[in-house]
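Novice:
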Amino acid sequence: FGFKGCQKIRGAQIRGLLEAKDFFLFDCDGVIWHGENAITGAAKVVNALIRSGKNVVFVTNNSTRPRENYVNKFTRLGFTDVMLDQIFSSSYCSALYLRDVVKVRGQVFVIGCEGLRMELLEAGIPCVEETDDPDATIYNCALAPDVKAVLVGHDDKLTFLKLAKASCYLRDPECLFLATDNDPWHPLSGGRILPGSGSLTAALEVASGRKATVIGKPSRFMFECISSQFKGVDPAQCLMVGDRLETDMLFGSNCGLDTMLTLTGVSQIEEAQEYRNSDLTTNHSYVPDYVVDTIADFLPAFED
Ligand code: PLP
Ligand code: CA
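The opening position of the sequence shown corresponds to residue 10 in our numbering, with each subsequent residue numbered one higher.
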């Protein structure tokens, strides 16, 4: 394997790559936008790719919103041609997993935001109601008798009571333990960070002595969702574009896709080179095939 990968490409090389591929998977935060701000040039690139007849999908580990919200966000930020069926979020894929893979019978106990619950309800999956009783504690609260899965996502209203209830449900070996994603943290502006749902899942893994099944990137399941909705997608024709080595590049490697790192997000090229130069071959799965500064570098490929 040696020193393959991490190839910084520009100009004609980008044009060649865009011509060679017909299916583009974009991570969202760090590639397409930073929070509420589109990355300069990203909308033009995505619009141009879609208009040139390429397949474009978005794969995001952000479980906090239902897919409809992403369609609205894309429109608001100037991505004029993005439709619902192009959006694969960890919340949507979690709902598909519960409905189609495990065919869950019974309720799901959700640690997560309202958007995650909405995706599950839309897929017909019943969720345990949240209590708003301020006096409820793990000593006096009721536990639902028919909880067949605990699903952990990003939760900005996490309480000790929710963690305690989830730990109790996970005592039952028949109760599945799922996580929307395993992201450790997310960057905010000004050098602050948010703990990711991986950190909440880790707490429950310790409390339960169990390991969660991860739905989002880097797990292959999101690509299986894409393959089942876009018939005939050939991994060799795909390019996965992301900003985080441990989620996006590993996801691409796990699914047999060519990968591209953009330097507008979490990971730096030096980290990618470190993985590439490592003697440990498992580290090579984090190495992108290609590197660009920003997806705005695609723009000249659409100008004659
Ligand atoms: N989950 C949450 C709660 C986030 O805020 C973010 C990024 O802002 C993500 C996940 C990662 O999203 P993506 O996979 O699009 O980078
Ligand atoms: Ca990202």
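Heads up, the beta-carbon is just placed ideally off N, CA and C, and yes, glycines get one too.
Kindly indicate which three-state DSSP category F239 falls into: helix, strand or coil?
Specialist: Coil, per DSSP.
Novice: In the structure shown, what three-state DSSP assignment does D94 receive?
Specialist: Correct three-state label for D94: helix.
Novice: Unbroken alpha helix (DSSP H) runs of length 4 or more, entirely within the stretch 113 to 175: which are they?
Specialist: Listed in chain order, they are 123 to 131.
Novice: Which residue comes first and which comes last in the alpha helix (DSSP H) that contains Y79?
Specialist: Counting along the chain, the alpha helix (DSSP H) containing Y79 begins and ends at 76 to 85.
Novice: How is Q16 classed by DSSP in three states: helix, strand or coil?
Specialist: In the structure shown, Q16 sits in a strand (DSSP, three-state: E or B).
Novice: What does a CB cutoff of less than 7 angstroms around L58 pick up in its chain, not counting 5 residues either side in sequence?
Specialist: Once the five neighbours on either side are set aside, the close Cβ partners of L58 are F33, V65.
Novice: CB of S103 to nearest heavy atom of ligand 1: below 7 angstroms?
Specialist: S103 Cβ: outside cutoff for every heavy atom of ligand 1.
Novice: Would you decide whether F10 is buried or exposed? Buried here means 16 or more other CB atoms lie within 10 Å of its CB.
Specialist: Summary for F10: the model assigns pLDDT 42, below 50, so the residue's position carries little reliability, and this model does not support an answer.
Novice: Skipping 5 residues on each side, what residues in its chain have a beta carbon closer than 8 angstroms to that of A281?
Specialist: Excluding sequence neighbours, A281 sits near G14, C15, L254, M258, L270, Y295, V296, P297, V300.
Novice: Exposed or buried, which one is V215 when buried takes at least 16 other CB atoms within 10 Å?
Specialist: Flag for V215 reads exposed.
Novice: Name the one or two DSSP bridge partners that G222 has.
Specialist: Per the sequence presented here, residue 222 reads as Thr, with Gly not at that position. Partner(s): L187.
Novice: What residue from S72, D144, S103 has the CA that sits closest to K112's CA?
Specialist: It is S103.
Novice: Below 8 angstroms on the Cβ atoms is my guess for G162 versus L185; work out the distance and round it to an integer in Å.
Specialist: Actually they do not touch by this definition, with Cβ atoms about 14 angstroms apart.
Novice: Would A202 be called buried (16 or more neighbouring beta carbons within 10 Å of its own) or exposed?
Specialist: What sits at residue 202 in the sequence shown is Ile, not Ala. Result: exposed.
Novice: On a CA-only basis, which of E77, L107, L129 is nearest T222? Give me that one, please.
Specialist: Nearest of E77, L107, L129 to T222, Cα basis: L107.
Novice: Give a yes or no on whether the minimum CB-CB distance between V54 and chain C is below 8 angstroms.
Specialist: The question asks about chain C, but that chain is absent: this structure has only one protein chain.
Novice: Measuring only from the beta carbon, is C264 closer than 7 angstroms to any heavy atom that is part of ligand 1?
Specialist: Answer for C264: no, Cβ out of range of ligand 1.
Novice: Quick one: is A158 buried, meaning 16 or more other Cβ sit within 10 Å of its Cβ, or exposed?
Specialist: Buried is the call here.
Novice: What is the DSSP secondary structure of F10, counted as helix, strand or coil?
Specialist: Because the pLDDT of F10 is 42, which lies under 50, any placement of that residue in the model is unreliable, and the question is left without a value.
Novice: Which runs of the beta strand (DSSP E) fall wholly inside the stretch 12 to 75 and span at least 3 residues, in chain order?
Specialist: Runs found: 32 to 35, 64 to 69.
Novice: When you compare each of A245, L167, G225 to D190 by their alpha carbons, which one comes out closest?
Specialist: Measuring from the Cα of D190, the nearest candidate turns out to be G225.
Novice: Suppose you measure from the CA of Q277 to the CA of S217; what does that come to, to the nearest Å?
Specialist: About 35 angstroms.
Novice: What number of angstroms, rounded off, separates the C-alpha of G20 from the C-alpha of F67?
Specialist: When rounded, the distance between both Cα atoms is 24 angstroms.
Novice: Distance check for D313 and C122, CA to CA, integer angstroms please.
Specialist: The alpha-carbon atoms of C122 and D313 are separated by roughly 46 angstroms.
Novice: Is it right to say V110 is buried, meaning 16 or more other beta carbons lie within 10 angstroms of its own, or is it exposed?
Specialist: Per the 10 Å Cβ criterion, exposed.
Novice: Helix, strand or coil for V296 per DSSP?
Specialist: Residue state, collapsed to three classes: coil.
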